[in-house]
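First to last, the protein sequences are chains A and B. FYI, the numbering for the first sequence is 186 to 457, going by this note's numbering. FYI, the numbering for the second sequence is 186 to 457, going by this note's numbering. Ideal Cβ positions, reconstructed from N, Cα and C, are used throughout, including at glycine. Predicted model, so just to flag it, every value in this text is computed and none were measured. Here is the structure we will look at.
Protein chains: 2
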Amino acid sequence: MPDLSRLAIHTITNKPWSLAECIYAYKKIGIPALSVWRNVIEPLGAKEAGQMLRDSGLKVPALIRGGFFTSTDASVRQATLDDNRRCIDEACEIGAEMVVLVVGATPGLALAEARKQVADSIHSILPHAQAANVKLAIEPLHPMYAADRSCINRIKEARQICEQLHHSMLGIALDVYHTWWDPDLEQEIAHASRQKTLFAFHVCDWRVPTRDFLNDRTLMGKGCIPLKTIRQWVDLAGFTGPIEVEIFSDEYWAMDQTRYLEMIRDAWLTQL
Amino acid sequence: MPDLSRLAIHTITNKPWSLAECIYAYKKIGIPALSVWRNVIEPLGAKEAGQMLRDSGLKVPALIRGGFFTSTDASVRQATLDDNRRCIDEACEIGAEMVVLVVGATPGLALAEARKQVADSIHSILPHAQAANVKLAIEPLHPMYAADRSCINRIKEARQICEQLHHSMLGIALDVYHTWWDPDLEQEIAHASRQKTLFAFHVCDWRVPTRDFLNDRTLMGKGCIPLKTIRQWVDLAGFTGPIEVEIFSDEYWAMDQTRYLEMIRDAWLTQL
Chain A
186 MPDLSRLAIH TITNKPWSLA ECIYAYKKIG IPALSVWRNV IEPLGAKEAG
236 QMLRDSGLKV PALIRGGFFT STDASVRQAT LDDNRRCIDE ACEIGAEMVV
286 LVVGATPGLA LAEARKQVAD SIHSILPHAQ AANVKLAIEP LHPMYAADRS
336 CINRIKEARQ ICEQLHHSML GIALDVYHTW WDPDLEQEIA HASRQKTLFA
386 FHVCDWRVPT RDFLNDRTLM GKGCIPLKTI RQWVDLAGFT GPIEVEIFSD
436 EYWAMDQTRY LEMIRDAWLT QL
Chain B
186 MPDLSRLAIH TITNKPWSLA ECIYAYKKIG IPALSVWRNV IEPLGAKEAG
236 QMLRDSGLKV PALIRGGFFT STDASVRQAT LDDNRRCIDE ACEIGAEMVV
286 LVVGATPGLA LAEARKQVAD SIHSILPHAQ AANVKLAIEP LHPMYAADRS
336 CINRIKEARQ ICEQLHHSML GIALDVYHTW WDPDLEQEIA HASRQKTLFA
386 FHVCDWRVPT RDFLNDRTLM GKGCIPLKTI RQWVDLAGFT GPIEVEIFSD
436 EYWAMDQTRY LEMIRDAWLT QL
């Protein structure tokens, strides 16, 4: 029997499925954990989703996603903080260990200023996260999202906020799609290990050529990311958490999701 | 009269035009310089193109592009070196001050190994460049091109090769499109200034949202790049060369190029 104990799937990976369908399919194939995107709990509410998840016995590494902290409008920023507190409450309700933060970026707002807003915002919500016993994980996004999705595009800038706020509930979600190109990747993974901030490890692959800015990720082994090398760095860093599959792909979303799930399992077992 | 003395246009910016059409239109509107892409000299040959350019009186900051040094096949790498020497010869023939290098990347070849190949390749062709009195400028490309176009995605890695090879004919072409997101940009521009390696400054803007990986750059001022800030850093670095407009855009290529050229001139005058 292959060891799937560290496999987790992000529900967005099987976007056509509801939460109930994800739970059913993942359990059936022996996958022990799923990270939950907010869109699949919205139709149910967090309470009912939490009940379903507890009944399933599946583990829930993360709720995705909080963040989007940046704005040139203070009232928008305030509303975002409130939404992030609700997101933390939902994570608590569904038993998720952490909320993954996509921090935001705003055209016209300098990236350095945006990063200050992010640090201030995380500082504001950390007490709420601690009270709920939900960790916060900053996910650096690829520089191609620097305009409007994330002003944090390397692990280094995530690390700097972790160092500044220095809180045991704050860390980093490392996604190979966003970070594989970074010449400092190995060194920053080792840093995160020493600082105990490596909270999550997301995998997929970079398709060559990539045809869409958002929804053309591919299955592990079908792209150019040196997955075994990065996995080795993460292992050396002492990371023993779930290795989470997060793939946005119009191509794969269009196929039979049960068959696709088997392909994901097989790629996860052989390509990492 | 507005001062256009530091304006240069890359011929690819007006892709529908031949070299003769570019020369005619740029002169007519008072633009004193153009950087020449190899595709527009190919139909003429470098000798005839050189004659046209000398007759025009326009300056030629650069021939674009050499590079693409990386491969898993040694014979391919060798052929590429030969092509780069030809490119240097063409630059000499048309009176271009430098060849811009897009260094290449190869799926399946580790980025660190690819960078070694790049350094070795540049080392091999530098004597030829020196003999021809043509500079070589490494252009870091955005990390979204790390898979198959460039293993050098930040100024830092370009700087490291410049430091390693330490040659007066080797420097960096800074393009805002590729580097605006880099948290180290200001510091690296200052580095390049001290090391006298800031050879070129290319401008355009990052459209939000960007709809295509290659051909959706936009006109200065129509995107999110802090152009005036970066221009200020470049000025402080003592750079006094041409400020070159390089825009790949299916949208702008589809419009009347004479009208577009006026828009470029106006954006260059007001947005930098």
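The residue among GLY252/A, ARG300/A, ALA218/A with its C-alpha nearest the C-alpha of ILE279/A is ALA218/A.
Contact check for ASP435/A and ASP390/A: beta-carbon distance about 15 Å, past the 8 Å limit, so the pair fails to qualify. For ASP360/A, there is no enclosing alpha helix (DSSP H); the residue is found in the beta strand (DSSP E) stretching over 355-360. Your pair LEU412/B and LEU370/B does not check out as a contact, with CB atoms roughly 12 Å apart and the cut at 8 Å. HIS387/B has a beta carbon lying at 8 Å or more from every beta carbon in chain A. Here ARG271/A carries a helix assignment [DSSP, helix/strand/coil]. About 7 Å separates the beta carbons of HIS387/B and VAL361/B, which is inside the 8 Å limit, making them a contact pair.
Not one beta carbon of chain B lies nearer than 8 Å to the beta carbon of VAL245/A.
Taking CB atoms only, HIS376/A has no neighbour in chain B less than 8 Å away.
The residue from MET237/B, MET329/B, ALA385/B with its alpha-carbon nearest to that of VAL393/A is MET329/B. Straight-line measurement puts the Cα of ILE216/B at about 28 Å from the Cα of ARG271/B. If the five residues before and after PRO292/A are omitted, its C-beta is found closer than 8 Å to the C-beta atoms of ALA332, ASP333, all from its own chain and listed in chain order. In its chain, beyond the 5 residues on either side, PHE386 have a beta carbon closer than 6 Å to the beta carbon of LEU359/A. If you draw a straight line from the Cα of VAL430/A to the Cα of GLU373/A, it comes to about 21 Å. Among the residues facing chain A, ASN318/B is not included, as its CB has no counterpart in that chain under 8 Å away. At a cut-off of 8 Å between beta-carbon atoms, GLU342/B makes contact with chain A. Listed along chain A, the residues sitting closer than 8 Å to ALA295/B by beta-carbon distance are PRO411, THR414. Counting along the chain, no alpha helix (DSSP H) covers GLU282/A, and no H or E run does either. Any Cβ of chain B closer than 8 Å to the Cβ of PHE398/A would place that residue at the interface, and such an atom is present.
As for any alpha helix (DSSP H) of minimum length 4 sitting wholly inside the region 314-364 of chain B, the runs are 340-350, 361-364, ordered along the chain. Assigned with DSSP and collapsed to three states, GLU227/B falls in coil, not helix or strand.
ILE197/A sits close to PHE433/A, with the two beta carbons spaced by under 8 Å. Pairwise C-beta distances place the region 186-193 of chain B out of contact with the region 233-242 of chain B, as fewer than three of them are shorter than 8 Å. Look at the beta carbons and you see the region 282-290 of chain A not touching the region 221-240 of chain A: under three pairs across the two are nearer than 8 Å. Neighbours of ASP333/B across chain A, judged by C-beta separation under 9 Å: VAL393, PRO394, CYS409. Annotation: Cβ neighbours of PRO292/A in chain B (cutoff 7 Å, chain order): VAL393, CYS409. The straight-line gap separating the alpha-carbon atoms of LEU311/B and GLU324/B is approximately 16 Å. Within chain B, not a single residue places a beta-carbon under 8 Å from that of PRO325/A; the smallest gap is close to 11 Å. The C-beta distance from ALA210/A to LEU446/A rounds to 6 Å, short enough to meet the 8 Å contact threshold.
Contact fails between the region 301-318 of chain A and the region 303-319 of chain B, because fewer than three Cβ pairs, one in each stretch, are under 8 Å apart. For SER203/A, the CB contacts under 7 Å within the same chain, skipping 5 residues up- and downstream, are VAL225 in chain order.
CA-CA distance, HIS351/B to ALA276/B, rounds to 22 Å. The C-beta of MET186/A comes no closer than 8 Å to any C-beta of chain B.
Distance from the Cα of ILE449/B is smallest, within the candidate group ALA439/B, LEU404/B, GLN263/B, for LEU404/B. Rounded to the nearest whole angstrom, the C-alpha separation of MET440/B and LEU399/B is 18 Å. Just measuring C-alpha positions, the residue of ARG250/A, ALA205/A, LYS212/A sitting nearest PRO228/A is ALA205/A.
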